[in-house]
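Encoded as structure tokens, the structure appears first; notes follow it.
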Ligand code: BGC
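Put into structure tokens, the structure is as follows:
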């Protein structure tokens, strides 16, 4: 293991305690006895059908406002890459109108009743309000980890919440507080760090920013935060996505749950369960003899959801399932979530129309047959109503009438874009700077090359307007700049030649080559590397091998070489480093190539100087070192896994 900068000592990182058993959490947003009485009275008046409606969360493309009225549905989400009317450039006003129409449908569902149950809209705003055209896109979490600045993270949460509220929505599926321990995992970059201490500090900061405390949450400027994915999603064998963790419970608690402890203390109101499994005898099957043996999937884990999270830790908010993930549990099918509901799920995110209707009807049958106890349903609905009350949903006007909804100057506003650029700049990490190659002179003649130098997708990564983020174009990201464009802005168009494949340029005509290399955009599933794959950048794809060939050619030409790596994870790049005079890791910095270029050049007056980020993850010095991590100092007798 070789970290160029000292890992885990980021300024602001908290000292993490060691937990011998699951800690009781005291949430910043505690129980309100008067509200509990009101909620209890309301639950007592609900029919079984009304209760189940609160527990089903369908997806925009598979749900109409008429369905919301008919099934008395309590919440909906828009999946990644799903937009109103299928329009990827849908405006804030179009989003507000859409959310408003579902909100209205929920109101009509209760027209004949003496009370209403307000509706919630949820979205994946995981690096800014990233599914919405014109929103501010921030660096992915791994880059924020490198910035080592919890207050920056809080401010990003606040800005993101305002933009979500600006589209009439109430709830985000963020932050991801995973502690990723294997670089092959395609969701590595969704985590802040391999270091539970840093995850712990950041999780609280992001929740505070998104929710704004008890008062903020009740206002229409903040949103409900969801910590995900409970638990040990980053601890699966070989970094398999949706795979199996086999670590002892002590490490589930002290490495993988660290972010949850802090986030729940800060008042996070929702927890999303992980697709993965935890294979351990403690993770018992709670309905023995009911079909196939329990396959340890978290969605069926009564131990981790009910016994640990709800009872031992005292979490009183919503436990939501991941997208159709109940179907991963051996006792369930896509249309039957009974076993998972009995494990403790409160809201079921079920995407397809046939599936959510079937989950609804099979749960109805199970309750009538006594397979799902009414007390379990009441627990779920009480939690949903509690969170709705805390989020002020009975007081907020319809989405279109909220203070930020559709208002100009919120979505993608200059202040938020500046914050994104600040974060991207702070996330840069310098791995090498021989002979003072950096900073570059502002009048240098620059050869801008490499596969990432003029490709916005390599900067923004997955979960950007679409799920995998690989179809994003410049037209999707107003105000964005590639690194090449940003260099032109610094040195002037006449002093830079942009030749990504180095097909025509003569290096001898330039003072420096800025070579931007990096991973193609990916998200969950697609970004995961098979266990037998090498972690060497140039081994991963032919186009990446061409980047290495460019570096070899440049080295041969004698020009000063400055390399920037855009990546969601540490990769083996020893040869690339050796071929460069300076080497910078830019992570997935987002749309502001200006921030990356800003770190390379001598600052103009009033601009920040230098590169200050620190590695949030160990850097591999061999191509097979996928799962080497800092030894967590807070865990007594920690043994490095074989
Ligand atoms: C992901 C979650 C996400 C959900 C909804 C799932 O595939 O695992 O992180 O919140 O989709 O988009």
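Numbering (this note's numbering), first residue to last: 1327 to 1968.
Note that beta-carbon positions come from the ideal geometry of N, C-alpha and C, so glycine has one too.
{"Item": "So residue 1401 is in the beta strand (DSSP E); what residue range does that whole segment cover?", "Value": "1401-1404"}
{"Item": "With three or more beta-carbon pairs closer than 8 angstroms as the criterion, would you say the region 1707-1715 touches the region 1418-1435?", "Value": "no"}
{"Item": "Locate the alpha helix (DSSP H) running through residue 1317, then write down its first and last residues.", "Value": "There is simply no residue 1317 to check, as the chain begins at 1327 and stops at 1968 in what is shown."}
{"Item": "Cβ of residue 1672 within 7 angstroms of any heavy atom in the ligand BGC?", "Value": "no"}
{"Item": "Return the CA-CA distance between residue 1336 and residue 1399, expressed in angstroms with no decimal places.", "Value": "Residue confidence is low: residue 1336 scores 48 on pLDDT, short of 50, so the model does not pin down where it sits. Its coordinate-derived value is still stated next. Residue 1336 and residue 1399: Cα-Cα distance of roughly 44 angstroms."}
{"Item": "Determine contact between the region 1482-1494 and the region 1548-1557, defined as no fewer than three beta-carbon pairs at a distance below 8 angstroms.", "Value": "yes"}
{"Item": "Assess contact between the region 1940-1953 and the region 1466-1473, defined as three or more Cβ pairs (one per stretch) separated by less than 8 angstroms. Is contact present?", "Value": "yes"}
{"Item": "Leaving out five residues before and five after residue 1711 in sequence, what residues of the same chain have Cβ atoms less than 8 angstroms from its Cβ?", "Value": "1365, 1368, 1369, 1380 and 1443"}
{"Item": "For residue 1553, which three-state DSSP category applies?", "Value": "strand"}
{"Item": "Run the proximity test for residue 1648: is its beta-carbon closer than 7 angstroms to any non-hydrogen atom belonging to the ligand BGC?", "Value": "yes"}
{"Item": "Under 8 angstroms, do residue 1872 and residue 1827 count as touching if we go by C-beta distance?", "Value": "yes"}
{"Item": "In chain order, what residues of the same chain have a beta carbon less than 7 angstroms from the beta carbon of residue 1329, not counting five sequence neighbours either side?", "Value": "Because residue 1329 carries a pLDDT of 35, less than 50, the predicted location of this residue cannot be relied on, and the following value inherits that uncertainty. Cβ neighbours of residue 1329 beyond the five flanking positions: 1941, 1944 and 1945."}
{"Item": "Please indicate yes or no: does the CB of residue 1601 lie closer than 7 angstroms to some heavy atom of the ligand BGC?", "Value": "yes"}
{"Item": "Quick one: grab the DSSP three-state call for residue 1559.", "Value": "helix"}
{"Item": "Would you report the Cα separation of residue 1948 and residue 1899, rounded to the nearest angstrom?", "Value": "9 angstroms"}
{"Item": "Compute every distance between the C-beta of residue 1850 and the non-hydrogen atoms of the ligand BGC, then say whether any falls below 7 angstroms.", "Value": "yes"}
{"Item": "Between residue 1554 and the ligand BGC, is the CB less than 7 angstroms from at least one heavy atom?", "Value": "yes"}
{"Item": "Which of the three DSSP states, helix, strand or coil, is assigned to residue 1898?", "Value": "strand"}
{"Item": "Answer yes or no: do residue 1592 and residue 1509 have a C-beta to C-beta separation smaller than 8 angstroms?", "Value": "no"}
{"Item": "Quick one: residues in its chain with C-beta nearer than 8 angstroms to the C-beta of residue 1634, no 5 flanking neighbours on either side, listed in chain order?", "Value": "1348"}
{"Item": "Is residue 1596 near the ligand BGC, in the sense that its beta carbon is under 7 angstroms from a heavy atom of that ligand?", "Value": "no"}
{"Item": "Going by beta carbon distance, what residues of the same chain come within less than 6 angstroms of residue 1666, once the five residues before and after it are set aside?", "Value": "1625, 1626, 1652, 1655 and 1658"}
{"Item": "Roughly how many whole angstroms lie between the Cα atoms of residue 1809 and residue 1409?", "Value": "29 angstroms"}
{"Item": "Comparing C-alpha positions only, which one of 1865, 1776 and 1917 sits nearest to residue 1950?", "Value": "1865"}
{"Item": "Would you mind listing the alpha helix (DSSP H) stretches within the region 1474-1526 that are 4+ residues and don't spill past its ends, in chain order?", "Value": "1476-1491"}
{"Item": "To which residues of the same chain is residue 1610 closer than 8 angstroms at the C-beta, ignoring the five residues directly before and after it?", "Value": "1620, 1628 and 1629"}
{"Item": "On a CA-only basis, which of 1574, 1795 and 1885 is nearest residue 1456? Give me that one, please.", "Value": "1795"}
{"Item": "From what residue to what residue does the alpha helix (DSSP H) around residue 1543 run?", "Value": "1539-1544"}
{"Item": "Let me confirm a value: residue 1834 is counted as buried when at least 16 other C-beta atoms fall within 10 Å, else exposed. Which label applies?", "Value": "exposed"}
{"Item": "Within the same chain, show all residues whose beta-carbon is closer than 8 angstroms to that of residue 1995, passing over the 5 residues directly before and after it, in chain order.", "Value": "Here the chain comprises residues numbered 1327 to 1968, so residue 1995 is not present and cannot be evaluated."}
{"Item": "Going by C-alpha distance, which of 1926, 1853, 1858 and 1882 is nearest residue 1842?", "Value": "1926"}
{"Item": "Would you kindly work out how many angstroms separate the C-alpha atoms of residue 1354 and residue 1539, rounded to a whole number?", "Value": "7 angstroms"}
{"Item": "Mapping the DSSP letters down to three states, classify residue 1843 as helix, strand or coil.", "Value": "strand"}
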